Structure formats: C-alpha cells, structure tokens
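Remarks on the structure that follows.
Protein chains in written order, with this note's numbering: chain F, 779 to 1041; chain P, 28 to 377.
Structure (structure tokens):
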C-alpha cells in the first residue's frame, strides 16, 4: 500500500491575505518530502490543504487522481495528518487515543470491531507503546506523545502521512530518534511522508527531496543537495548560513558574523 | 494475541451492572420514603406483579398500592428521566465544546425556558381553558428558541465559526433572555413566588401525564447521544485533527446540540431549571471510571437518574411537610460530594 501525492497549482487565501500562490510539487510513492522555509512561508497551510483542513484552489492528487471533492472519510483513509501541536485530551488513555485512528473506517453509528482493536495493538506494538496503553496520554513526555501520534497514524492505515513540525518540541536525541522512527516506518511500510521541518540539518539528512517555500511560493524543489545550498538559503533566511560537510553528512548552521558580534 | 494485555478503555459490564443496581436501589428507596413508609419487599413484590405471568401477594393493601403507583412512582420515574437526560446532555455539551464547565443550559436553554415559563405564569390564560398546559409548552419553546438564537448568532460570525464563538453567542443570548425574564418577574411581582419556585425546579406536580409527555423525547435523545458517543472522543482532539480523521466537527456538534437541547427542553418544561446535575454527574463518572465518552455517557445516564431520585427524596422529606426546591438540594448535596470525589480520585478530569 503505497501512494504518490501531488499538489497542483494550490492557492490559499485566508481572509484577504494570499498565503499560497500556485504551489505545485509532487511526491513519489514511499518518498519523504521535506518542506522547509521561514516562519510564515506557508508550510503549515500547504500541509493543511493535503489534509483537507483548509479550503484551497487547485488540486491535491493521490496517485494522479484529484481527491478534492472526496468525502472526509474517504480522504482520511488516504491521508493521515499530525498537526504541529496535537491536542492530547486530559485523562484519555493512550489506547483510546490510538483508537481514534480507526475513525474513518467506522460508520457514524458503528462501534469498533475486533479488527479495529487488533490494528490498535499492532500500532502500539510497532512503536513500543504496549506498556503505555492504559496511561493518560496527557501525562506523557514529548518523545512519548510523539510516538503516540505516530501510532495513531499507523492505526489509520493511510498510505500518505503528513507531519507538521512533528519534532519541533523535542530535544536533540529525542528528535533524532523520532526521525529515525519515521524513516523506518516509511521504508518498512512504504508510507509516503510529507513533513514541514524547521531543522535544515535534519531535513538534509532524512528527506529524499526538499521543497523550499518562501512567501507562499516554491523557491526550490529537488534533492537536498540541489535545494539546501548556501545561495538559496542565504536568499530566503539570512546570508550567514553555511552548508558544511561532516563525515559525508550535510550540516546546516547559521554563523555569527563580525557584524552581529560587534553589536 | 492480546490475551492478558491491558484493554484500554472499554465499557466494562460490571460498571453498567453496578450503575444499574444503584439506579434500581434509588428507585426502590424513592418510592419507599414518605409520610407513610412502605416496606421494600412489598414494593418489589408489587413491581414484579406488574410483569406478565407473575402473581405475587404484595401485602400493600389497596390504599398503599395507590400511594405507590399513583403518587410516588410517577414522581420517581420523572426524576429518573430528568436526571438521566440532564446528565447525558451535560456530557454532550462538555464533549462538543471541549469545556469541563459546559452544562445543558450553556447556550441559553435555561434562560429561554425561564423566560417562557415567566411569560406563561404572568400572562398566560388559566390552564383549564387550554387543551395543553401553557407553562411547559412555553418553557419548551423558550429553551429551544434560546439555543436556536445562540446558534444563529454564533454562525453569523464571519471569521471562524468555532466552538468558542458559539459559547460566547450562548452567553450573550442567556444574559439577554435572563435580563428580560428578570424584568418581567419584577413587573409582575404578584407571580414572583410562583416564577421563582419554577426556576429553582420541582418534581412535586409529577404524575403519569408528565412522565408520558417527557419520556418519548428523553428516549429518542438518549438513544442518539448513546449511539454517537464515540464521536465525542474524536472531537476531543480538536476540530482540525477531528476533521482529518474523517468526521465533520461542525455537523457532529450541531447534531449533539440539537438532541441534547431537545431532551433538556422537554425535561425542563415539567421540572423547572434543576441545576448542577449536568455538570456533577458526568464529572463524577469521569473521575470514577474513565475520561472516554464511550464510558461516560452510558454510566452518566444511569447514575444521573439515581442522583436525581435521591436528591428528590431529600427535597421531599428534609423539612416536611414543606418541600425544598430540588435545585437547591442538588447543589447542597452535590457540591460537597463532588469535592470528596475530586479529592480522592486519581485526578482524571478533562
């Protein structure tokens, strides 16, 4: 179960402000597309269009077919979405939270079946959360809730997973672990991943391709080494960005310059 | 493959049986207590006598049979209906608005019913001249009208038709209707006592007529809330994420509000504005069992009925021969009880 995703000429206007202006990007099946760019570039909005959480012009394509008019439930079977700051309801057990992933498969009147329950166990198992099943989801650490969200996504069994800044609030080690986990799920299950990432180094190391957004436009789209260049990043972020090679891995940092040091 | 593993939250059968037993016991005690005490065994015998193919000697005698079936039982049954409905409506409102303080009167159902009742009491024709009693009808229409007004106002907000705008609209509507009601109440001061009594709530006028008037609404509304309760858990993660899980949050919210309001309007029309039940019962259930609405809704329905039956017993007997308004009892007994549960629980409140 693997699917390709395409954005065709996506435009979004919120109030009177154009947020996205004709964005076209495509993601191959089983690929990890990283969406980078400064705050306010439109990354989250682009991801929300995929998930059907915002109204837009243009088309979202899954395996070449437009899904814009599809009912919510059908869309939810194809695309799972984790927002930037998920709301973990106080008192809800981890098991119950992951069970929410089965929602698109349940009619409005149906209760969860034995198969739904076993899908939840399978997802908990895959993310080493079985011992957490009865814990209060609101009491977990950042890294643990991250895994809970991924388990919910797995339970949803969607071939495309959209993650908005999934690892923003984690420490370095937890972030790395989470990204590795996401990559493992991608390779093992052929899941297509689209994620907004602030950490450019992480984007360079984990994403197969990168879309660089600025002011609602795609400035660069391609392999990490093609897009994450000092020239392009300098244009979009600040001129002091350096792209360094450390033991074959790309590291992207912003240096303090003579100018800023003097201030 | 999952044998022995923790189960997550399910509606365990012993919770349901336990809550049902509490309700049954409350009903028995409710019909037992009064100026003339009835023996519990006689009551149970008389209950079973009503079943087909059962013929037991209840030992109550004709007069006590009449007290049991014509006076006490309808009142207790009405308490069950009112308590169950207000609790289920409270849980629904808390779920769809993700707000632990939400109660069935949040969007103006209470204020609207109060206004309707005040108009009926102050200006209405004598009940005997009408086919239907104007008081419950006016309260019913007022409650529905209040919530409808809040919805229209909330939805006319152009930017962001969210749960919060709806709550704010409800607050505005409730304040407006309450102000209007207070104005009428002050102007027509000769009916003040009656209006005030109605607002504090009472089951003293209950007969089988009231029960059969309210029961169809309650049954239908409870059924809808029960069947859809899983969706309240989905709404708990927020509208955006709930939408990406395949539901339409606005539509789900509307359906729950419609049925919670319809049921609330029906029970309020005969019982007056009994407060606190819709908040305390779902929260107590949450603290004792689970925060999942898959559990909270059914158990609240059972225990809410029991709670109101017990509150009504106190309302009847505490200062006999007078009655305390039941709304006063629910708060006086309910608040300390809730405080104890809050202190001794695991602290699971959403």
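Don't be surprised by glycine CBs; every beta carbon is placed ideally from N, CA and C. Only a predicted model underlies this, so the values are computations on that prediction, with no experimental measurement involved.
Practice problem: Determine the closest residue to residue 232 of chain P out of P/352, P/146, P/280, P/258, with distance taken between C-alpha atoms. | Solution: To locate residue 232 of chain P, count along the second chain from 1; it is residue 205. Here the closest residue by C-alpha is P/352.
Quiz item: Along the stretch 840-860 of chain F, what residues have a CB closer than 9 Å to any CB found in chain P?
Solution: 849, 850, 851, 852, 853, 854, 855, 857, 858, 859, 860
Quiz prompt | Residue environment, residue 260 of chain P, which counts as buried when at least 16 other CB atoms sit within 10 Å | solution = Here the question's residue 260 of chain P lines up with position 233 in the second chain. The residue is buried, with at least 16 neighbouring Cβ atoms inside 10 Å.
Quiz prompt | Separation of residue 178 of chain P from residue 843 of chain F, as counted between CA atoms | solution = Taking the first residue of the first chain as 1, we reach residue 843 of chain F at position 65. Taking the first residue of the second chain as 1, we reach residue 178 of chain P at position 151. Straight-line Cα distance between these residues: approximately 38 Å.
Self-check item: Bridge partners - residue 1032 of chain F, DSSP secondary structure assignment
Solution: By 1-based counting over the first chain, the position of residue 1032 of chain F is 254. DSSP, once it has assigned bridges, lists F/1019 as partnering residue 1032 of chain F.
Practice problem: Would you verify that the beta carbon of residue 1036 of chain F is, or is not, closer than 9 Å to some beta carbon of chain P? | Solution: Here residue 1036 of chain F refers to the residue found at position 258 when the first chain is read from its first residue. False, the Cβ-Cβ gap to chain P never drops below 9 Å.
Quiz item: Closer than 9 Å, CB to CB, is residue 317 of chain P near chain F or not?
Solution: On the second chain, position 290 is the one that residue 317 of chain P refers to. Judged by the 9 Å Cβ criterion, residue 317 of chain P is in contact with chain F.
Exercise. Measuring only between beta-carbons, confirm whether residue 87 of chain P sits less than 9 Å from chain F.
Key: Residue 87 of chain P sits at position 60 when you count from the first residue of the second chain. Not one chain F Cβ lies under 9 Å of residue 87 of chain P.
Quiz item: How would you call residue 183 of chain P, buried or exposed, if buried means at least 16 neighbouring beta carbons within 10 angstroms?
Solution: Along the second chain, one-based indexing puts residue 183 of chain P at 156. The residue in question, residue 183 of chain P, is exposed, as its Cβ has fewer than 16 Cβ neighbours within 10 Å.
Quiz item: Looking at the C-beta of residue 194 of chain P, does it have a partner C-beta in chain F at a distance below 9 Å?
Solution: Start at 1 with the first residue of the second chain, and residue 194 of chain P comes out as number 167. So, not an interface residue.
Quiz prompt | chain P contact residues for residue 830 of chain F, given Cβ-Cβ distances below 9 Å | solution = As a working note, residue 830 of chain F is residue 52 in the first chain. Near residue 830 of chain F (Cβ distances below 9 Å), the residues of chain P are 270, 271.
Quiz item: Thinking C-alpha only, which one of F/803, F/809, F/832 is nearest residue 793 of chain F?
Solution: What you label residue 793 of chain F is simply residue 15 of the first chain in a count that begins at 1. Minimum Cα distance to residue 793 of chain F is reached at F/832.
Quiz prompt | CB contact flag (residue 981 of chain F, residue 948 of chain F, <9 Å) | solution = Indexing the first chain from 1 puts residue 981 of chain F at position 203. Indexing the first chain from 1 puts residue 948 of chain F at position 170. Result no, Cβ atoms of residue 981 of chain F and residue 948 of chain F do not sit closer than 9 Å.
Quiz item: Out of curiosity, what's the CA-to-CA distance linking residue 977 of chain F and residue 1015 of chain F?
Solution: Against the first chain, residue 977 of chain F aligns to sequence position 199. Against the first chain, residue 1015 of chain F aligns to sequence position 237. Rounded to whole angstroms, residue 977 of chain F to residue 1015 of chain F spans 13 Å at the Cα level.
Self-check item: Straight-line Cα distance separating residue 175 of chain P from residue 89 of chain P
Solution: Mapped onto the second chain, residue 89 of chain P falls at position 62. Mapped onto the second chain, residue 175 of chain P falls at position 148. The alpha-carbon atoms of residue 89 of chain P and residue 175 of chain P are separated by roughly 48 Å.
Self-check item: Per-residue contacts from residue 280 of chain P into chain F (C-beta, under 7 Å)
Solution: The residue labelled residue 280 of chain P in the question sits at position 253 within the second chain. Simply none; closest approach about 14 Å.
Quiz item: Does the beta carbon of residue 129 of chain P sit closer than 9 Å to a beta carbon anywhere in chain F?
Solution: As a first step, residue 129 of chain P must be located in the second chain, where it is residue number 102. Residue 129 of chain P does not count as touching chain F.
Quiz item: Roughly how far, in whole angstroms, is the beta-carbon of residue 60 of chain P from the beta-carbon of residue 336 of chain P, given that I think they are within contact range, below 8 Å?
Solution: Here residue 60 of chain P refers to the residue found at position 33 when the second chain is read from its first residue. Here residue 336 of chain P refers to the residue found at position 309 when the second chain is read from its first residue. Actually they do not touch by this definition, with Cβ atoms about 10 Å apart.
Quiz item: Quick check: the stretch 859-873 of chain F against the stretch 311-319 of chain P, are there 3 or more CB pairs under 8 Å?
Solution: yes
Exercise. Can you say whether residue 150 of chain P is buried or exposed, counting buried as having 16 or more other CB atoms within 10 angstroms of its CB?
Key: As a position in the second chain, residue 150 of chain P is number 123, starting the count at 1. Exposed.
Quiz prompt | Counted within 10 angstroms of its Cβ, other Cβ atoms place residue 120 of chain P as buried (16 or more) or exposed | solution = Counting from 1 along the second chain, the entry for residue 120 of chain P is found at position 93. Answer is buried; the Cβ neighbour count reaches 16.
Exercise. Have a look at residue 817 of chain F and residue 360 of chain P and give me their C-alpha separation to the nearest angstrom.
Key: Here the question's residue 817 of chain F lines up with position 39 in the first chain. Here the question's residue 360 of chain P lines up with position 333 in the second chain. Distance between the alpha carbons of residue 817 of chain F and residue 360 of chain P: 53 Å.
Quiz item: Taking the C-alpha atoms as reference points, what is the distance between residue 838 of chain F and residue 955 of chain F?
Solution: One-based indexing of the first chain puts residue 838 of chain F at position 60. One-based indexing of the first chain puts residue 955 of chain F at position 177. Answer to the nearest angstrom: the Cα atoms are 31 Å apart.
Practice problem: To the nearest angstrom, report how far apart residue 45 of chain P and residue 245 of chain P are at their CA atoms. | Solution: Here residue 45 of chain P refers to the residue found at position 18 of the second chain. Here residue 245 of chain P refers to the residue found at position 218 of the second chain. Distance between the alpha carbons of residue 45 of chain P and residue 245 of chain P is about 22 Å.
Practice problem: Taking only beta carbons into account, state which residues of the stretch 946-975 of chain F come closer than 7 Å to chain P, listed in chain order. | Solution: none
Quiz item: Skipping 5 residues on each side, what residues in its chain have a beta carbon closer than 6 Å to that of residue 1029 of chain F?
Solution: For the purposes of this step, residue 1029 of chain F is taken as residue 251 along the first chain, with counting starting at 1. So the list reads 979, 1022, once near-sequence residues are dropped.
Quiz prompt | Short Cβ contact (9 Å threshold) for residue 974 of chain F with residue 941 of chain F | solution = Counting from one through the first chain, the residue named residue 974 of chain F turns up at place 196. Counting from one through the first chain, the residue named residue 941 of chain F turns up at place 163. It is a contact, given that the beta carbons lie within the stated cut-off.
Quiz item: Under a CB-based cut-off of 9 Å, is residue 924 of chain F close to chain P?
Solution: Here residue 924 of chain F refers to the residue found at position 146 of the first chain. No, residue 924 of chain F lies away from the interface with chain P (no Cβ there is under 9 Å from its Cβ).
Quiz item: Just the Cα atoms here: how many angstroms apart are residue 338 of chain P and residue 937 of chain F?
Solution: The residue you call residue 338 of chain P lines up with position 311 of the second chain. The residue you call residue 937 of chain F lines up with position 159 of the first chain. Each residue's alpha carbon lies about 54 Å from the other.
Quiz item: Rounded C-beta distance between residue 91 of chain P and residue 68 of chain P? I'm assuming under 8 Å.
Solution: In the second chain, the residue the question calls residue 91 of chain P occupies position 64. In the second chain, the residue the question calls residue 68 of chain P occupies position 41. 13 Å between Cβ atoms; not a contact.
Quiz item: Taking Cβ-Cβ distances shorter than 9 Å, what residues in chain F pair up with residue 313 of chain P?
Solution: Here residue 313 of chain P is taken as the residue at index 286 of the second chain, counted from 1. Simply 869.
Quiz item: When the Cα atoms are used, what is the spatial distance from residue 782 of chain F to residue 969 of chain F?
Solution: Translated into positions along the first chain, residue 782 of chain F becomes position 4. Translated into positions along the first chain, residue 969 of chain F becomes position 191. One C-alpha to the other measures close to 10 Å.
Self-check item: is_contact[residue 263 of chain P, chain F] using C-beta, thresh 9 Å
Solution: The residue labelled residue 263 of chain P in the question sits at position 236 within the second chain. It does: the Cβ of residue 263 of chain P has a partner Cβ on chain F nearer than 9 Å.
Exercise. Kindly indicate if chain P contains any beta-carbon less than 9 Å away from that of residue 893 of chain F.
Key: Along the first chain, one-based indexing puts residue 893 of chain F at 115. Not closer than 9 Å to any Cβ of chain P, the Cβ of residue 893 of chain F fails to qualify, so no.
Practice problem: Give the range of the alpha helix (DSSP H) segment to which residue 255 of chain P is assigned. | Solution: For the purposes of this step, residue 255 of chain P is taken as the residue at position 228 of the second chain. Residue 255 of chain P -> alpha helix (DSSP H) spans 235-255.
Quiz item: Comparing the C-beta of residue 30 of chain P with each C-beta of chain F, is any distance below 9 Å?
Solution: If you number the second chain from 1, residue 30 of chain P lands on position 3. With a pLDDT of 42 at residue 30 of chain P, under the threshold of 50, the predicted position of this residue should be treated as unreliable, though the coordinate-derived value follows. Not one chain F Cβ lies under 9 Å of residue 30 of chain P.
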